[in-house]
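> The structure that follows is given in the form of structure tokens.
In the numbering used here, the protein residues as written are 23 to 374.
Here you go:
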């Protein structure tokens with residue numbers, strides 16, 4: 023296997039003469055650092071140890087969080103594919119602002135270590151760029167961070183967004199920025215992203231395109247299947263319904279376990295949410311409840327203390343088909359989120 027540590031790797035401006043020197047620095051960080059710093063130190067030690075695998079945990083947005091064992095050779099291949107695809111090779115000045123407890127943060131560390139980046143860290147808050155004086159060649163964020171960092175994104179040349187769909191309204195706000203911005207598609211099981219789409223600039227697209235050595239197919243339910251021998255020895259079958267354009271490109275429609283059958287017509291909550299995101303500024307999601315006539319009826323769940331009625335959203339609903347229009351609105355003061363900022367829909371509905 024190729025080396026786990028590039029000789030040009032820097033961590034917060036500090037260079038290391040060997041893997042042993044980095045391990046000593048990581049151990050100090052693990053033992054004496056704050057929560058996010060300790061997680062960084064812990065993972066660097068895990069990456070540099072003699073084992074041929076790492077342990078990662080899923081976010082828990084669609085179920086109970088679980089631990090997964092990933093082969094280091096597959097993790098290396100995934101990191102290398104990202105480095106080559108986005109052309110972020112040695113001496114790239116990058117910012118790590120995602121928790122190192124999860125795959126996205128871990129992969130930023132791996133990419134930096136194998137490619138020889140000059141990696142800087144920031145607390146994984148809602149606007150990690152706010153107190154950064156310098157500019158960066160590359161970083162990765164979740165949509166929540168991007169929304170709160172709009173005024174500072176000019177500090178980044180290239181940005182990838184993962185961990186959830188990019189709302190239409192946010193995508194519109196990113197169009198005038200000089201930063202090259204990409205939405206990514208992936209999951210813990212695929213070792214971070216395996217596809218991306220540019221969301222601003224002249225190459226802007228609604229289609230996700232595969233990274234090198236990845237191709238796609240669909241099962242009988244229309245769900246995406248991922249064949250990526252460099253990162254997984256088995257075919258990865260997802261719960262994501264897609265429109266398959268080719269063996270290397272697709273359009274995301276929604277999760278099959280979220281599909282609503284209303285009056286015999288199947289609608290995807292994610293597609294409705296995209297249309298509504300231009301009109302609703304507070305956190306929300308689309309779900310369903312039992313209806314005697316329709317079987318299931320579409321409902322809108324909004325975070326906040328204000329009591330809202332259907333007539334409050336007439337303009338927003340005008341863009342929806344008759345089957346997509348919510349038949350009822352529910353409000354709750356506070357949604358339940360995963361540590362990576364995803365809404366736990368099932369738990370919110372149970373609470374309601």
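For glycine and all other residues, C-beta sits at the position ideal for the given N, C-alpha and C. Given the structure is predicted, the values throughout are model-derived calculations rather than measurements.
1) With distances taken from CA atoms, which of 227, 273, 40, 349 is nearest residue 193?
2) Locate the beta strand (DSSP E) running through residue 142, then write down its first and last residues.
3) Tell me whether residue 167 sits in a helix, a strand or coil according to DSSP, three-state version.
4) I need the straight-line Cα distance from residue 313 to residue 54, nearest angstrom please.
5) Identify whether residue 210 lies in helix, strand or coil by the three-state DSSP scheme.
6) For the ligand ZN, any of its heavy atoms closer than 7 Å to the Cβ of residue 190?
7) Leaving out five residues before and five after residue 261 in sequence, what residues of the same chain have Cβ atoms less than 8 Å from its Cβ?
8) Under three-state DSSP, which class holds residue 376?
9) With DSSP collapsed to three states, give me the class of residue 124.
10) Just how far apart, CA to CA, sit residue 293 and residue 275?
11) Just the C-alpha distance for residue 210 and residue 31, rounded to the nearest angstrom, thanks.
12) Thinking C-alpha only, which one of 241, 41, 254, 165 is nearest residue 221?
13) Residue 310 lies in the beta strand (DSSP E); which residues open and close that run?
14) Kindly indicate which residue of 303, 78, 329, 299 has the alpha-carbon position closest to the one of residue 352.
15) What is the C-beta distance between residue 203 and residue 181, in whole angstroms, given that I count them as a contact (C-beta under 8 Å)?
16) Going by DSSP in three states, residue 333 sits in which element: helix, strand or coil?
17) Could you compute how far the alpha carbon of residue 69 sits from the alpha carbon of residue 123?
18) The alpha helix (DSSP H) spanning residue 5 covers which residue range?
19) Quick check on residue 263: buried or exposed, where buried means 16 or more other Cβ atoms within 10 Å of its Cβ?
20) Which residues in the same chain as residue 160 place their Cβ atom closer than 6 Å to its Cβ, once the five residues preceding and following it in sequence are excluded?
21) Return the first residue and the last residue of the alpha helix (DSSP H) that residue 108 is part of.
22) Thinking just about the alpha-carbon of each residue, which of 268, 196, 254 is nearest to the one in residue 229?
23) If residue 214 sits next to residue 137, beta carbons under 8 Å apart, how far is it from one beta carbon to the other, in whole angstroms?
24) What's the gap between the Cα of residue 75 and the Cα of residue 89?
25) Bridge partners for residue 350 per DSSP, in chain order?
Quick answer:
1) 227
2) 140-143
3) helix
4) The straight-line gap separating the alpha-carbon atoms of residue 313 and residue 54 is approximately 55 Å.
5) Helix.
6) The ligand ZN is not among the ligands present in this structure, which contains no ligands whatsoever.
7) 84, 245, 277, 278, 279
8) Outside the shown range of the chain (23 to 374) lies residue 376, about which nothing can therefore be said.
9) coil
10) Within the model, the alpha-carbon separation for residue 293 versus residue 275 is close to 6 Å.
11) 25 Å
12) 165
13) Residue 310 -> beta strand (DSSP E) spans 306-313.
14) 329
15) With 8 Å as the limit, residue 203 and residue 181 qualify as a contact, their Cβ atoms being about 5 Å apart.
16) helix
17) 13 Å
18) The requested residue 5 does not occur in the structure, where the chain is confined to residues 23 to 374.
19) Its Cβ being crowded by 16 or more others within 10 Å, residue 263 is buried.
20) 110, 114, 116, 180
21) First-last for residue 108: undefined, no H or E at that position.
22) Nearest neighbour of residue 229 by Cα position, chosen from 268, 196, 254, turns out to be 268.
23) 14 Å between Cβ atoms; not a contact.
24) 12 Å
25) 321
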